[in-house]
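Undergrad: Going by full-length UniProt numbering, the residue at position 94 of the sequence shown is 94; the numbering climbs one at a time, nothing skipped. Using N, Cα and C, we set each Cβ at its ideal position, and we do this for glycine too. Pasting a structure here, questions to come.
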Amino acid sequence: MASGPTRCAPCSRPWRWRPAGPSRTWELADELWAGHPVGNTRNALQAHATRLRKVLDEPSRRLRGDTVLRAVRNGYLLDVPPDCVDGNRFLDLAAQGAAELYTRPERALELLQAALRLWRGPALLDAGDGLRCRSAAALFEERRLTVWEDLISARLALGDESRAIAELRQLVAQHPLRERFCELLMLALYRSGRQGDALELFRTTHQRLDEELGVQPGVELQRRHAEILSQNPALSLPSALLPDHPRPATTRC
Numbered sequence: 001m002a003s004g005p006t007r008c009a010p011c012s013r014p015w016r017w018r019p020a021g022p023s024r025t026w027e028l029a030d031e032l033w034a035g036h037p038v039g040n041t042r043n044a045l046q047a048h049a050t051r052l053r054k055v056l057d058e059p060s061r062r063l064r065g066d067t068v069l070r071a072v073r074n075g076y077l078l079d080v081p082p083d084c085v086d087g088n089r090f091l092d093l094a095a096q097g098a099a100e101l102y103t104r105p106e107r108a109l110e111l112l113q114a115a116l117r118l119w120r121g122p123a124l125l126d127a128g129d130g131l132r133c134r135s136a137a138a139l140f141e142e143r144r145l146t147v148w149e150d151l152i153s154a155r156l157a158l159g160d161e162s163r164a165i166a167e168l169r170q171l172v173a174q175h176p177l178r179e180r181f182c183e184l185l186m187l188a189l190y191r192s193g194r195q196g197d198a199l200e201l202f203r204t205t206h207q208r209l210d211e212e213l214g215v216q217p218g219v220e221l222q223r224r225h226a227e228i229l230s231q232n233p234a235l236s237l238p239s240a241l242l243p244d245h246p247r248p249a250t251t252r253c
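Dropping the structure here:
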């Protein structure tokens, strides 16, 4: 959801992570000032709300004396449809794409690409030090990465290994310790006739995990390595794209 001029972005951030329900005064103050309270919290919040209403309210709504940001008992309520919030639209598209992945990969690819197009930078970029906003931003970032995993799986299901490899190279460079990206890249390389490159990727990932975290590769990555070593025929089947563990559902804002 657009929040208007940049100067109003900080005062809108507490409502962007939980727009569907009321936010209490103490929650808003904690998000806006993060442990550095102002002299009169209630007056300061009212001033923030007034500035935000000037950006969010349509002229016709103001003429009716109505507002999208309503004062309620002990807090404020952002009264907008859930689909007006980009975060909710992203989660819906991500869930729809995941549901289509292993039955209609073409449709899944369309939905997942639409979900990622909603991103214009890091989630809640101006969230500051507010704990709830930072926690929500971390959850959205994790969901974005799982959408990339699903999108790559859709490409591989459609036989587009070359595009998948190009995207995975960048993702692995950005997230070298994320084993699912490494596993998918190993599969894409193997399916492209590059068994040696796939095995070398496992070796470097194994070394990085050991040096940086002091751990061994996970069960799924080790199994993929063994399958590639033995040239397991199952690697060419759609079931090779399935992760071992289902992902937890992510609720809307």
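Quick one: residues in its chain with C-beta nearer than 7 Å to the C-beta of Glu161, no 5 flanking neighbours on either side, listed in chain order?
TA: So the list reads Ala188, Arg191, Ser192, once near-sequence residues are dropped.
Undergrad: Using three-state DSSP, classify Leu69 as helix, strand or coil.
TA: Strand at Leu69.
Undergrad: Ser23 bridges to which residues according to DSSP?
TA: Its beta-bridge partners are Tyr76.
Undergrad: Can you round the beta-carbon distance between Arg53 and Thr67 to whole angstroms, since I take them to be within the 8 Å contact cut?
TA: Going by Cβ atoms, the distance from Arg53 to Thr67 rounds to 5 Å, so yes, they are a contact pair.
Undergrad: If we count the other Cβ atoms within 10 Å of its Cβ and call it buried at 16 or more, is Pro248 buried or exposed?
TA: Reliability fails at Pro248, whose pLDDT of 49 lies under 50, so the model's placement of it is uncertain and the value that follows must be treated cautiously. By the neighbour-count rule (16 or more Cβ atoms within 10 Å), Pro248 is not buried but exposed.
Undergrad: Would you mind listing the alpha helix (DSSP H) stretches within the region 107-186 that are 4+ residues and don't spill past its ends, in chain order?
TA: Complete alpha helix (DSSP H) runs here, min 4: 131-157, 161-174.
Undergrad: Using a Cβ-Cβ cut-off of 6 Å (strictly less than) and excluding sequence neighbours within five positions of Leu151, which residues of its own chain qualify?
TA: Within the same chain, Leu151 has close Cβ partners Leu112.
Undergrad: For the alpha helix (DSSP H) holding Val55, just list the boundary residues, first then last.
TA: 41-56 is the span of the alpha helix (DSSP H), which, as asked, contains Val55.
Undergrad: Skipping 5 residues on each side, what residues in its chain have a beta carbon closer than 8 Å to that of Leu109?
TA: So the qualifying residues of the chain are Gly97, Leu151, Ala154, Arg155, Leu158.
Undergrad: Which residues bound the alpha helix (DSSP H) around Gln195?
TA: Start and end: 195-213.
Undergrad: Quick one: what's got a C-beta closer than 8 Å to Leu229's C-beta in the same chain, skipping five residues either side?
TA: Closer than 8 Å at the Cβ level, and outside the excluded window around Leu229, lie Leu199.
Undergrad: Which of the three DSSP states is assigned to Tyr102 in this structure?
TA: Three-state result, Tyr102: coil.
Undergrad: Using the three-state DSSP reduction, which class does Ser239 fall into: helix, strand or coil?
TA: Here Ser239 sits in helix by DSSP.
Undergrad: Hey, Glu220 and Arg132: beta-carbon distance below 9 Å or not?
TA: Against a cut-off of 9 Å, the Cβ pair of Arg132 and Glu220 comes out as no contact.
Undergrad: Among the candidates Arg180, Asn74, Phe181, whose CA atom is the shortest distance from the CA of Thr23?
TA: Here residue 23 turns out to be Ser, not Thr, going by the sequence shown. It is Asn74.
Undergrad: Leaving out the 5 sequence neighbours to the left and right, which residues in its chain are closer than 7 Å to Asp83 when beta-carbon positions are compared?
TA: Hits under 7 Å: Arg89.
Undergrad: Please go through the same chain and pick out, in chain order, the residues whose beta-carbon is closer than 6 Å to the beta-carbon of Thr41, but skip the five residues on each side of it.
TA: Same-chain partners within the cutoff: Ala29.
Undergrad: With a cut-off of 8 Å on the beta carbons, I'd call Ala136 and Leu124 a contact; round off their distance for me.
TA: Right, the Cβ-Cβ distance comes to about 6 Å (below 8 Å), so this counts as a contact.
Undergrad: Mind checking Trp26: buried by the 16 CB within 10 Å criterion, or exposed?
TA: So Trp26 ends up on the exposed side.
Undergrad: Check Pro82 in the structure and name its three-state DSSP category.
TA: Of the three classes helix, strand and coil, the one that applies to Pro82 here is helix, per DSSP.
Undergrad: Taking the alpha helix (DSSP H) that Ala226 falls in, what are its first and last residues?
TA: Per DSSP, Ala226 belongs to the alpha helix (DSSP H) from 219-229.
Undergrad: Measuring CA to CA, which of Leu45, Leu91, Asp86 is closest to Leu69?
TA: Taking only the C-alpha atoms, the option nearest Leu69 is Leu45.
Undergrad: Identify whether Asn232 lies in helix, strand or coil by the three-state DSSP scheme.
TA: Asn232: coil per DSSP, three-state reduction.
Undergrad: How many angstroms separate the CA atom of Gly87 from the CA atom of Leu78?
TA: Between Gly87 and Leu78, the C-alpha separation is close to 15 Å.
Undergrad: Looking at C-alpha atoms only, which residue of Gln170, Leu101, Arg144, Thr103 is the closest neighbour of Pro122?
TA: Cα-wise, what sits closest to Pro122 is Arg144.
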